[in-house]
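Chemist: Throughout, the working numbering is defined as the position within the sequence shown, counted from one, plus 5.
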Amino acid sequence: MKLILTTDVSGLGGPGDLVEVKDGYGRNYLLPRGFAILATKGAEKQVQVIRRAQEASRIRNLDHAKEVKAALSALGSVPLKAKAASGSGKLFGSITTSDIVAAVKAAGGPVLDKRAVEVAGHIKTVGKHSVSVRLHPDVTAAFTVNVAAAN
6 MKLILTTDVS GLGGPGDLVE VKDGYGRNYL LPRGFAILAT KGAEKQVQVI RRAQEASRIR
66 NLDHAKEVKA ALSALGSVPL KAKAASGSGK LFGSITTSDI VAAVKAAGGP VLDKRAVEVA
126 GHIKTVGKHS VSVRLHPDVT AAFTVNVAAA N
């Protein structure tokens, strides 16, 4: 199935890219979420419009992404409290990207998009965990989240 991406899709491409994916992935994930449109002759004309808009905003967004990265690095370690079993250090459930975004905002950091936050594995224990945020195709910020047990 040939599709034209309308937004950044991790591991696949950026807006305006013509990609070939398996039918199920396109029908069940990309199309319903609005991440892509079917590649038709009329849609290929839209590719130029999408690319022009993306290039115009990329220059502005690159500077803004660098500012957000600097603000995140200035935060250092972001504190986050979660319910944990006493003594073992295991959490009841796991820390989600929404929890991380809320903790960054509460710590005085910038407002982030939860879809741009990338966590290596699931956070299910107390302690320090590394988190990265994809702010721009050229800019990725990394910081640590210090998970503590809430009483």
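For each residue, glycine too, the CB sits at the ideal point set by N, CA and C.
#1: Just how far apart, CA to CA, sit Gly29 and Thr11?
#2: Alpha carbon to alpha carbon, how far is Val152 from Ala75? Give it in angstroms, no decimals.
#3: Could you check where the alpha helix (DSSP H) with Thr149 kicks off and where it finishes?
#4: Per DSSP, what are the beta-bridge partners of Val52 in this structure?
#5: Looking only at its own chain, which residues have a Cβ that is under 7 angstroms from the Cβ of Lys71, when we skip the five neighbours before and after it?
#6: If the criterion is Cβ atoms closer than 8 angstroms, does the pair Val131 and Ala108 meet it?
#7: Given this structure, state the Cα-to-Cα distance separating Ala154 from Lys27, to the nearest angstrom.
#8: Since Leu8 contacts Ile42 with CB under 8 angstroms, what's their CB separation in whole angstroms?
#9: Val150 and Val138 look like a contact to me (Cβ under 8 angstroms); what is the Cβ gap, rounded to whole Å?
Modeler: On the basis of the coordinates in this document:
#1: Here residue 29 refers to the residue found at position 24 of the sequence shown. Here residue 11 refers to the residue found at position 6 of the sequence shown. In a straight line, the C-alpha of Gly29 is about 18 angstroms away from that of Thr11.
#2: One-based indexing of the sequence shown puts residue 75 at position 70. One-based indexing of the sequence shown puts residue 152 at position 147. So the alpha carbons of these two residues sit roughly 22 angstroms apart.
#3: Counting from one through the sequence shown, the residue named residue 149 turns up at place 144. Run containing Thr149: none in the alpha helix (DSSP H); it sits in the beta strand (DSSP E), 144-155.
#4: Locating residue 52 in the sequence shown gives position 47, counting from the first residue. Val52 is not bridged to any residue.
#5: Within the sequence shown, the letter at position 66 stands for residue 71. Sequence-distant partners of Lys71 (beyond 5 residues in either direction) whose C-beta falls short of 7 angstroms from its own C-beta, in its chain, are Val144.
#6: The residue given as residue 131 occupies position 126 in the sequence shown. The residue given as residue 108 occupies position 103 in the sequence shown. Between Val131 and Ala108, the C-beta spacing is not below 8 angstroms.
#7: Counting from one through the sequence shown, the residue named residue 154 turns up at place 149. Counting from one through the sequence shown, the residue named residue 27 turns up at place 22. Lys27 has its alpha-carbon roughly 43 angstroms from the corresponding atom of Ala154.
#8: Position 3 of the sequence shown holds residue 8. Position 37 of the sequence shown holds residue 42. Confirmed, Cβ separation roughly 7 angstroms.
#9: For the purposes of this step, residue 150 is taken as residue 145 along the sequence shown, with counting starting at 1. For the purposes of this step, residue 138 is taken as residue 133 along the sequence shown, with counting starting at 1. Between Val138 and Val150 the Cβ distance is about 11 angstroms, and since that is not below 8 angstroms, they are no contact.
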